[in-house]
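In the numbering used here, the protein residues as written are 1127 to 1356. Glycine included, every Cβ here is placed at the ideal spot set by N, Cα and C. Please read all numbers here as calculations on a predicted model, not as lab measurements. Below is one structure; the comments refer to it alone.
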Ligand code: OGA
Ligand code: MN
């Protein structure tokens, strides 16, 4: 078992997620606009969206289709040798297989360097291996906070193959929440309070609704970079 994941599972803290009423968006919403053109964040109040907005970023189309394909070529052969895990009900993740990788081919390394320079301040000490999670179409990630012992203030993840919704819920105040639309090929970044004081989760297909609009889940691969605790 990989250290990081073992730790992740230990610190997993289920949060009370009581049917969050969808409400305010950080941008104007229009039923006529395609989902992708809207602000990819909605939350329990405009104040929270504004406050947390500086600590949460979603960059749509951060990578191209060709770059996504490069990751697939590099990751899929290894992932396919593993079976999706469904049976550990106490795990933070359900319906997944995972790996971590230190050395990458040139194409992927170049993209990862772009992720690193976008997400982390220059000179940050990063966790060496990049973490890869392959979620089955029926897979999901339960609410948790990443280990503070092993990971620093910033988490940056690319989403491949599927749109999904990441929900942040304030640990001690579950009425405060933020939903992020993680479109396929987007990059998300969680920093500071958003990383330490809010749980994050990836919603299962049946619950995958963003601002009232269904966001069907397919198989999803995430490629996650983290820094080390300061
Ligand atoms: C994690 C996690 C989110 C993702 O591995 O700790 O929250 O995008 N992953 O897969
Ligand atoms: Mn996490």
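Residue i - containing beta strand (DSSP E), residue span
i, result
"residue 1234", "Unbroken run through residue 1234 is the alpha helix (DSSP H), 1232-1245; no beta strand (DSSP E)."
"residue 1226", "1219-1227"
"residue 1304", "1299-1308"
"residue 1311", "From DSSP, residue 1311 is part of no beta strand (DSSP E); its letter is neither H nor E."
"residue 1268", "1256-1270"
"residue 1184", "1182-1185"
"residue 1349", "1346-1352"
Residues near residue i in its chain [Cβ-Cβ closer than 8 Å; skip 5 each side]
i, result
"residue 1252", "1242, 1246, 1351, 1352, 1353 and 1354"
"residue 1256", "1226, 1227, 1228, 1230, 1238, 1349, 1350 and 1351"
"residue 1306", "1166, 1167, 1182, 1184, 1291, 1292, 1293, 1294 and 1314"
"residue 1210", "1221, 1222, 1223, 1260, 1262 and 1265"
7 Å CB neighbourhood of residue i in its chain, flanking five on each side removed
i, result
"residue 1254", "1228"
"residue 1201", "1258 and 1347"
"residue 1205", "1223, 1225 and 1260"
"residue 1248", "none"
"residue 1147", "Here residue 1147 scores only 32 on pLDDT, less than 50, and its place in the model should not be relied on; the value that follows carries that caveat. Closer than 7 Å at Cβ, skipping near neighbours: no residue."
"residue 1208", "1223"
"residue 1318", "1181 and 1279"
"residue 1250", "1353"
Anticipated Cβ contact below 8 Å, residue i with residue j, distance rounded
i, j, result
"residue 1343", "residue 1288", "6 Å"
"residue 1262", "residue 1222", "7 Å"
"residue 1320", "residue 1182", "5 Å"
"residue 1281", "residue 1304", "The pair is not a contact, with the Cβ atoms about 15 Å apart (cut-off 8 Å)."
First through last residue of the alpha helix (DSSP H) which encompasses residue i
i, result
"residue 1289", "That residue, residue 1289, is in no alpha helix (DSSP H); it is neither H nor E in DSSP."
"residue 1203", "1191-1206"
"residue 1114", "For the chain, the structure presents residues 1127 to 1356; residue 1114 sits outside this window and is missing."
"residue 1169", "Residue 1169 -> not in any alpha helix (DSSP H); beta strand (DSSP E) instead, spanning 1167-1169."
"residue 1330", "Run containing residue 1330: none; DSSP gives neither H nor E here."
"residue 1172", "1172-1179"
Same chain, Cβ closer than 6 Å to residue i, neighbours up to 5 away in sequence not counted
i, result
"residue 1284", "1313 and 1349"
"residue 1219", "1267"
"residue 1331", "1343"
"residue 1277", "1352"
"residue 1302", "1170, 1174 and 1296"
"residue 1327", "1267, 1268, 1269 and 1293"
"residue 1308", "1285, 1290, 1292 and 1314"
"residue 1264", "1221"
"residue 1193", "1237"
Residue i: CB within 7 Å of a non-hydrogen atom of the ligand GDP
i, result
"residue 1214", "The ligand GDP is absent from the structure shown, which contains only the ligand OGA and the ligand MN."
Minimum Cβ-Cβ distance from residue i to chain B less than 8 Å
i, result
"residue 1351", "In the structure shown, chain B cannot be found, because there is only a single protein chain."
Next on the checklist: Three or more C-beta pairs under 8 Å: does that hold for the region 1187-1200 against the region 1226-1234?
Outcome noted: yes
Item to check | Closer than 6 Å: residues whose CB approaches a heavy atom of the ligand MN | outcome: 1270, 1272 and 1326
Item to check | Inter-stretch contact at 8 Å, needing at least 3 Cβ pairs: the region 1294-1314 / the region 1184-1195 | outcome: yes
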